[in-house]
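Peer 1: If you read the sequence shown in this note's numbering, its first letter stands for residue 2, the second for the next number, and so on. Quick reminder that beta carbons are idealized off the backbone N, C-alpha and C, glycines included. To start, I am sharing the structure in question, which I have written as structure tokens.
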Amino acid sequence: MNNNLELLSSALRTVGGNFDIPTLDLILSVKDLVDAKGTDVSIGEIGAVSNAIAEKYKLNQ
């Protein structure tokens with residue numbers, strides 16, 4: 002998955018987008034959650050995904 006995020010980040014930079022890997026991971030993770038739960042997604046669940054991404058990439062340190 003990380004290689005795919007790196008490729009996506011590079012591809013977006015070529016067209017003027019500037020998304021780092023943690024941001025792309027967050028966007029795609031929230032998309033997967035919304036795809037799975039639809040309108041039943043809560044703010045708390047999105048917050049939990051955000052916290053997990055921050056921990057994964059050590060963004061809070």
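Would you mind sorting Leu44 into buried or exposed? The rule is 16 or more other CB atoms within 10 Å of its CB.
Peer 2: Sequence index remark: in the sequence shown, residue 44 carries index 43 (1-based). What sits at residue 44 in the sequence shown is Ile, not Leu. Exposed.
Peer 1: Which residues in the same chain have their Cβ closer than 8 Å to the Cβ of Tyr58, if we skip the five residues on either side of it in sequence?
Peer 2: Stepping through the sequence shown from its first residue, residue 58 is reached at position 57. Once the five neighbours on either side are set aside, the close Cβ partners of Tyr58 are Ile22, Pro23 and Asp26.
Peer 1: Please report the distance separating the alpha-carbon of Leu29 from that of Gln62.
Peer 2: For the purposes of this step, residue 29 is taken as residue 28 along the sequence shown, with counting starting at 1. For the purposes of this step, residue 62 is taken as residue 61 along the sequence shown, with counting starting at 1. Their Cα atoms are separated by approximately 23 Å.
Peer 1: Where does the unbroken alpha helix (DSSP H) through Lys32 begin, and where does it stop?
Peer 2: Within the sequence shown, residue 32 is the residue found at index 31, counting from 1. Residues Ile22 to Lys38.
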